[in-house]
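Novice: In the working numbering, the protein residues as written are 48 to 594. Quick reminder that beta carbons are idealized off the backbone N, C-alpha and C, glycines included.
1. Tell me the DSSP secondary structure of residue 485 in three-state form.
2. So who's on the other strand from residue 554, going by DSSP bridges?
3. Please report the straight-line C-alpha distance between residue 522 and residue 52, rounded to a whole angstrom.
4. Hey, residue 547 and residue 526: beta-carbon distance below 8 Å or not?
5. Indicate the three-state DSSP secondary structure (helix, strand or coil) for residue 173 in the structure shown.
6. How would you label residue 247, buried or exposed, when you count the other beta carbons within 10 angstroms and need 16 or more for buried?
7. Leaving out the 5 sequence neighbours to the left and right, which residues in its chain are closer than 6 Å to residue 266 when beta-carbon positions are compared?
8. Would you list the residues sitting across from residue 191 in a DSSP beta bridge?
9. Is the CB-CB distance between residue 519 and residue 502 below 8 Å?
10. Which of the three DSSP states, helix, strand or coil, is assigned to residue 110?
11. Take every Cβ of the segment 175-191, pair it with every Cβ of the segment 131-139, and state whether three or more of those distances are shorter than 8 Å.
12. Which same chain residues, not among the five before or five after residue 138, have their C-beta less than 8 Å away from its C-beta?
13. Measure the alpha-carbon distance for residue 239 versus residue 72 and round it to whole angstroms.
14. Determine the direct distance from the alpha carbon of residue 119 to that of residue 107, and round the result to whole angstroms.
15. Of the residues 491, 471 and 457, which one's Cα is nearest the Cα of residue 434?
16. Apply the 10 Å Cβ neighbour rule to residue 298 and answer buried if 16 or more other Cβ atoms are within range, or exposed otherwise.
17. In this structure, what does DSSP give as the bridge partners for residue 511?
18. Is residue 438 buried or exposed, if buried means 16 or more other CB atoms sit within 10 Å of its CB?
19. What is the DSSP secondary structure of residue 502, reduced to helix, strand or coil?
20. Looking at residue 369: is its Cβ nearer than 8 Å to the Cβ of residue 356?
21. Would DSSP call residue 252 helix, strand or coil?
22. Within the continuous alpha helix (DSSP H) that includes residue 181, where are the two ends?
23. Using three-state DSSP, classify residue 49 as helix, strand or coil.
24. Alpha carbon to alpha carbon, how far is residue 597 from residue 218?
25. For residue 277, name the three-state secondary structure that DSSP assigns.
26. Anyone know if the C-beta pair for residue 241 and residue 122 falls short of 8 Å?
27. Measuring straight from C-alpha to C-alpha, what distance separates residue 321 and residue 579?
28. Counting only beta-carbon atoms, is residue 515 nearer than 8 Å to chain B?
29. Identify, in the order they occur along the chain, each residue of the same chain with its Cβ nearer than 6 Å to the Cβ of residue 364, setting aside the five sequence neighbours on each side.
30. May I have the straight-line CA-CA distance separating residue 252 from residue 173, to the nearest angstrom?
31. Around the Cβ of residue 556, are there at least 16 other Cβ atoms within 10 angstroms (buried) or fewer (exposed)?
32. Whole angstroms is fine: what's the gap from residue 496's alpha carbon to residue 58's?
33. On the three-state DSSP scale, how would you describe residue 545?
34. Please determine, among 337, 384 and 408, the residue with the shortest C-alpha to C-alpha distance to residue 348.
35. Quick one: which unbroken alpha helix (DSSP H) runs of 4-plus residues sit fully inside the segment 434-470? Chain order, please.
36. For residue 129, which three-state DSSP category applies?
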């Protein structure tokens, strides 16, 4: 089976798999994909879905307001949104087609207003500034892109200037109550369409002006935890960028700390251990939504804090850990609406939540717990045809719209994180020795997989079988290891460590450079390889699902 998978992997050609190109601009984009060396082969249905997703991705990459193509949201969303397309979507795309990610980031800086406000979306008709609509911090995405692909040129200075101006605009116009936090003036400021969080709140700011709030509202503005966490994280990464550019990050770190203090002072309820909006009357808006996951993805709190959130909420099957997680509303809230046939953040599982989630888990070392999210989602993905915006949290059936880039990128991202070769901004390569599990009716998704990626001119291949995995470097065996762990190397393939990626304890032998290295590793335990010896680096244990 191993030889058959490798033969199939090496013969795969993305262009032939996705059929005839639909537009002239597809050719250079597909060529760039080819230069990444990314290929995926599997038994079962997942391989076909993977290349169908790649074909749909090309539909979402089009020139808009300039000569270079940028990423579009897809489906009915004709344009590029700061909330998603210009941040988390582009951050994932950066591992596959980095030129499109960079042109997408640049587009928001190029269209910035003179007063510092960046557009919330860019369409064929130009930039639009009606609301702010922020979720994933742009500065983190920009930092990770530069860390992956180099920091030379004008990209970082351009983006730093633009993001600094945007931060100043927010400070001047979205803190009318002087709390030091960031306020939501409308539903669309956070992209929470139809969420009970914003019942009896207008969808857009007053008179379409992002600096004005509806004056007759009894509850607006909301001091918003996700917007405030966004600015906290944004300022943290602006400090890092400032230092890379030769300046000091001290002022940004001080501003970030003030944002963090305001977040907890204004929006954190100690009794519920949850983040809520605070309304105009000073009351908590007690709606438990995916605001929590958004705040966690902005690097708020330490591991102990995150672990508590996992136990009480994110891995709780009464709250957000549905059969196909994560729901956009807590399931035990009477306002919860599971229907996914329309654009709703009132209950269904949204793909934007799914692609935002990994950073929250990985930032705190919760790699095994993340696989418990990816397994059922990959089972649902294996049945996808349209690549819609959301899933039914009960059945996994795809819902509203089609050719939606967050859903498409979730396919590429989850395959790479679970059973592929993933480069990280820290200069590591992650080779994950798992295969998707047949959760739904026992129907095979992909019991055997193979994945390749070219890094700095070196071709790496990973073959995963149910019991064993093997990494090849330029066609020659580099590492053999038992399934259920992640092998961590530098970009040249030099072994750095082994991470337990399964809930069970994995025992076996790792074959590397003529050495046979016996090891035992528990879930989330990291073994560091040094001087020919495996040594425990840390062991944080597991946080188990709750009910």
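Specialist: This is what the structure holds:
1. coil
2. 567
3. 13 Å
4. no
5. strand
6. exposed
7. 326 and 327
8. In DSSP, residue 191 forms no bridge with anything.
9. no
10. strand
11. yes
12. 148, 183, 187, 188, 191 and 192
13. 33 Å
14. 5 Å
15. 457
16. exposed
17. 496 and 516
18. buried
19. strand
20. no
21. coil
22. Neither: residue 181 is in no alpha helix (DSSP H) and is coded neither H nor E.
23. helix
24. Nothing can be reported for residue 597, as the shown portion of the chain is limited to 48 through 594.
25. helix
26. no
27. 46 Å
28. Looking at the structure shown, chain B is missing, and only one protein chain is on hand.
29. 594
30. 20 Å
31. exposed
32. 14 Å
33. strand
34. 408
35. 452-466
36. coil
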